[in-house]
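S.K.:
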Amino acid sequence: MGLWKGMWVTLSTMFKTIFRPSKHLKTVMYPDVKETPVPRARGVIALDQEACTVCMLCARNCPDWCIYIEGHKVEVPPDKPGGRIKIRNTLDRFDIDFALCMYCGICVEVCPFDALFWSPEYEYSEYEMGKLMHDMDTLQDKWLPTVPEQPEIAQ
Amino acid sequence: MELLADLMSNFWLGLIVKLLIVALLVPLIGMIIGFAEMKLSAKMQNRVGPYYAGGRWGWAQLIADGIKFFQKEDIIPEKADRPVFKLAPALVLAATVALVVVVPFGPNMAFRNLELGLFYVLAISSLSTIGVLIAGWSSANKYALIGSLRAAGQLIAYELPLVLSVVGVVIMAGTMNLDAIVQAQIASGIPYVVPQFLGFLIFFVAALAELSRLPFDMPVAESELVMGYLTEYTGFRFLFFFLAEFVNMFTMSAIAVTLFLGGYHFPGLSGDLATVLGPIVLVAKSFVLVFVMLWFRWTFPRFREDQLQSMAWKVLVPLALANIAVTAILKVVI
Amino acid sequence: MTLDQDMVRHLSEVSVSVELQTPEMTLNIGPQHPSTHGVLRLVARIDGERAFDVRPVIGYMHRGYEKLAEVRNYPQITTIVNRIDWVAGYANEIPFITAAEKLMELEVPPRALWIRLILTEMARMASHLIFMASYPLELGAQTPLFFALRERERVLDLLEGVTGGRFHPNFNRIGGVKPAYGSGSKTRKLIQDLPKTFYEETRVAMDEVLHVCDQLEDLVAGNEIILARTKGIGVLPPEVAVAYGVTGPNLRASGIPFDLRKVEDYLPYDQVEFNVITGENGDCWDRWWVRLQEIRESARIVQQAIDSIPSGPIQAKVPKVIKVPKGETYVRAENPKGEMGYYLVSDGGQGPYRLKIRSASFSNISILPWILEGALVPDIIAIMGSLDFVLGDVDR
């Protein structure tokens, strides 16, 4: 009889959950216990300011246009005396507005200079929307150390 | 014991003491059953249940819920019928509390043992029907109206099987006095569930329907009508309905235990020990039945209204009538 | 008081025309409602408990996908398209990318196709498990919700391990799947292939999914109350289903064995063995049963695919800036909800000129006025739930 089978399922689940919680109870008691996310998880974007050359590829390809970049040119003195003066782009401002960001990853993917990375951090919610705009120092100092090693792939 | 008997014999003092005990008992039972429902349902669904309120066990969850309900804003819809709107939860809770009064917690230990105890029980349980109807009508909300109309049909339809199923017990015991029915079961040696198994089943199913619990909770069909006749109730008025449901569950189980499962009697108990342990035995047996009610709720979906009605009129009533006929014939013959 | 002519006439009228007048009521189910899978509004005219004219009102969730697609290029559209049917995110990207590849006449490497197949079947399992969770909840049973969602977490964890996103994977690229972490000198070498732990975790997860299917079958399938609520309710005859354009499990439950996975060749389904599940009567119970069996079939497909996936590159050689040549094409695929198709008109640029999305749920709910004719109010909820639509899919 279908009714009895259903009742047996709930009763056996109840006994299993009460007496063998280590095997059957899958609830993770956040925030006492936190699950570690997988290395590829898309949590937040981290920036390496040294590597960025202000090429604007990430800002142009973002579907939501949530990256704001400003930069200026500086003159770098030549390495050897008598050499050419090099002109280098430096960042003034690199903001990612995480209130608009879609977490799609296009910016990380198109950057030709290895300046953007994914990090699986997810606990950065704020009470005010303005604070979700992370500026370049936050992106480098807070998030860059959390970028994990990528997992080994199968062949 | 002597002092207690003396106290009780003074009418006014005894009345005050009994009122105090009932006033304390009713919310306490409601909270215990509510907590059991939350925790047991969680275990049946492979989750934890209330955890943080009360030191990793969650027992303070319902106290917190009660305080939350009390401090909510009292919203009455503009077009609602104000006196009737306020009367409905009071009526339902009053009917429930009035039922606790006749349940025999031990030999000679009902709050008031009436000669027509069973008749009183069946009559008072219809009062909550009126409460449900006026709750939905006075809410000025289409959803609430649909819910209370469904409730009207369901509750009135299941009154009949409820009443007819206990007639077999009355025939076998020869009295309507609840305490005397328990004594008759003790005297005959077997609880009435054995000869009256059909009556017990019908009573249990009809009681589930009277309480509007799954699988009969069409009036409060949460996924369809957003709480049915309770939609417009907030704050402590909702708390009254909520509490009334849980206490009613306990009371109906207690009545079922008294009528069918031997009440406060446990084989081997007699005399003073029975007076002390009787309430504990009764409460334990009622909690077993309450557990079965919770188990049903979390396993089964709900019946549709017309299926409910056809089950009441076409299945339960004929079975109950057949039960009465067979019991009466056997009583005369044997 | 004497009776004059007027009074007599009135009295006789009153006594003759005494008939039971039950006025009808217009009930608005939604848009905010626990059971309508989103913001769907049903304007139902009911008489007592029986509805006789039900009209769905849609558009509360229109986000303008087709216009959004006109101003973006192909990688950007891939990232927004998986939000159409959000419970099965990966399955929405597949026909779009296949359409672009068809116009470019690109040869996709086989390993990429197999990875796409595995992830699509996982998306199908995720979508059907949501249905398994929410449909008994609408009928009143609250326990299957937790069982089904617990297993869905496993599938989503697998998806996250490969793509980085649970609901919105963004893993398809033109020419295959996402090849590398980035484009710089170091990140170009980090290939985004399946991680090493993927195979073992998938085997474990598929066993668990099959086990929960058995549990759900015990809990729900034989239950007499469920049978009384769903057998014979909302019968959809096959001719009506075909006439309205209903596709997917709803069509198969009515008895027509039409599965796009066997008809079209956008993914290597001909190299795995699976059955096309059909129902007998086309009622709500058959639609539930077909979806339960489809979860099992998907789990078996994934188990077969894990064992036989070829090795190789995961993206074809494509230029950095992709321009799709001029042309137009229509590609359809088997979304968990039904048939999803993309009509892509390209004028040679970096983005499409026009993208028309044929979504499964839009055609599926066009049948609501027909099927809800004369249904009782609780049956309205049961039938709507069994059609399994998502408002993002309906309104795009």
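Protein chains in written order, with the working numbering: chain A, 13 to 167; chain B, -14 to 319; chain C, 39 to 434.
From the three backbone atoms N, C-alpha and C, an ideal C-beta is built for every residue, glycine too.
Predicted, not measured: the structure shown is a model, and the values here were computed from it.
1) For residue 66/C, collect the residues of the same chain with a Cβ closer than 7 Å to its Cβ; drop the 5 residues on either side in sequence, then sort them by chain order.
2) If residue 77/B sits next to residue 226/B, beta carbons under 8 Å apart, how far is it from one beta carbon to the other, in whole angstroms?
3) Since residue 291/B sits in a beta bridge, which residues does DSSP pair it with?
4) Residue 208/B to residue 291/B, Cα distance in whole Å?
5) What did DSSP end up calling residue 105/B once you bin it into helix, strand or coil?
6) Using the Cα positions of residue 36/C and residue 118/C, report the straight-line distance between them to the nearest angstrom.
7) Assuming residue 418/C and residue 410/C form a contact by the criterion Cβ under 8 Å, report the distance between their Cβ atoms to the nearest whole angstrom.
8) Considering only the beta carbon of each residue, do residue 138/C and residue 214/C sit closer than 7 Å?
9) Just to confirm my understanding: we take residue 363/C, look at its own chain, exclude 5 residues before and 5 after, and list those with CB closer than 8 Å. What are they?
10) Beta-carbon separation of residue 391/B and residue 248/B under 7 Å?
11) Give the list of continuous beta strand (DSSP E) stretches no shorter than 3 residues that lie fully inside the region 183 to 260 of chain C.
12) First and last residue of the alpha helix (DSSP H) that includes residue 238/B?
13) If you follow the beta strand (DSSP E) that residue 161/A is part of, which residue opens it and which one closes it?
14) From the DSSP output, which residues share a beta bridge with residue 62/C?
15) Provide the residue span of the beta strand (DSSP E) that contains residue 356/C, from first to last.
16) From the beta carbon of residue 164/A, is the nearest beta carbon of chain C less than 7 Å away?
17) Name the residues in the region 166 to 183 of chain C whose C-beta lies less than 7 Å from a C-beta of chain B; which are they?
18) Taking a Cβ distance cut-off of 9 Å, strictly less, list which residues of the region 34 to 52 of chain A are near chain B, in chain order.
19) Can you list, in chain order, the residues of its chain whose CB lies under 7 Å from that of residue 36/A, leaving out five sequence neighbours each side?
20) Is residue 82/B near the ligand SAM - that is, is its Cβ less than 6 Å away from at least one heavy atom of it?
21) Rounded to the nearest angstrom, what separates residue 172/C and residue 183/C at their Cα positions?
22) From the DSSP output, read off the bridge partner residues of residue 120/C.
23) Run through chain B and tell me which residues come within less than 9 Å of residue 185/C, C-beta to C-beta.
24) Grab the span of the alpha helix (DSSP H) containing residue 19/B for me, first residue to last.
25) At a CB-CB cut-off below 8 Å, which residues of chain A make contact with residue 25/B?
26) DSSP puts residue 146/A in a beta bridge; with which residues?
27) Quick check on DSSP: helix, strand or coil for residue 377/C?
28) Rounded to whole angstroms, what is the Cα-Cα separation between residue 27/C and residue 102/B?
29) Quick one: using the 10 Å Cβ neighbour count with 16 as the cut-off for buried, is residue 72/A buried or exposed?
30) Please return the same chain residues whose Cβ sits closer than 6 Å to the Cβ of residue 64/A, not counting the five positions on each side in sequence.
31) Go ahead and pull the three-state DSSP assignment for residue 37/A.
32) Measure from the C-beta of residue 44/B to each C-beta in chain A and report whether the shortest distance is under 7 Å.
33) Which residues of chain C have a Cβ atom closer than 8 Å to the Cβ of residue 288/B, listed in chain order?
34) Per the contact definition of three or more C-beta pairs closer than 8 Å, is the region 272 to 284 of chain C in contact with the region 298 to 305 of chain B?
35) Along the chain, where does the alpha helix (DSSP H) that runs through residue 332/C open and close?
36) Please work out which residues of its chain come closer than 7 Å, Cβ to Cβ, to residue 257/C, disregarding the five sequence neighbours upstream and downstream, and give them in chain order.
M.R.: From the atom records:
1) 79, 81
2) 6 Å
3) Paired residues: none, contrary to the question.
4) Note that residue 208/B has pLDDT 44, beneath the 50 cutoff, so the model's placement of it is unreliable and the number below is only indicative. For residue 208/B and residue 291/B, the distance between alpha carbons rounds to 18 Å.
5) helix
6) Because residue 36/C is not part of the residues shown, which for chain C are 39 to 434, the question remains open.
7) 6 Å
8) no
9) 141, 142, 384, 386
10) Residue coverage of chain B in this structure runs from -14 to 319, which leaves residue 391/B outside it and unanswerable.
11) none
12) 220 to 245
13) Unbroken run through residue 161/A: none, as it is neither H nor E.
14) None; residue 62/C has no bridge partner.
15) Segment: none, residue 356/C is in no beta strand (DSSP E) and carries neither H nor E.
16) yes
17) 174, 175, 176, 177, 178, 179, 180, 181
18) 36, 37, 38, 39, 41
19) 28, 29
20) Ligands in the displayed structure: none, and consequently the ligand SAM is not present.
21) 6 Å
22) According to DSSP, which records beta bridges pairwise, residue 120/C is partnered with nothing at all.
23) 30, 31
24) -4 to 29
25) 26
26) 108/A
27) strand
28) The shown model of chain C, from 39 to 434, leaves out residue 27/C, and the question about it has no answer.
29) exposed
30) 103, 127
31) coil
32) no
33) 263, 266, 267
34) no
35) 322 to 345
36) 181, 182
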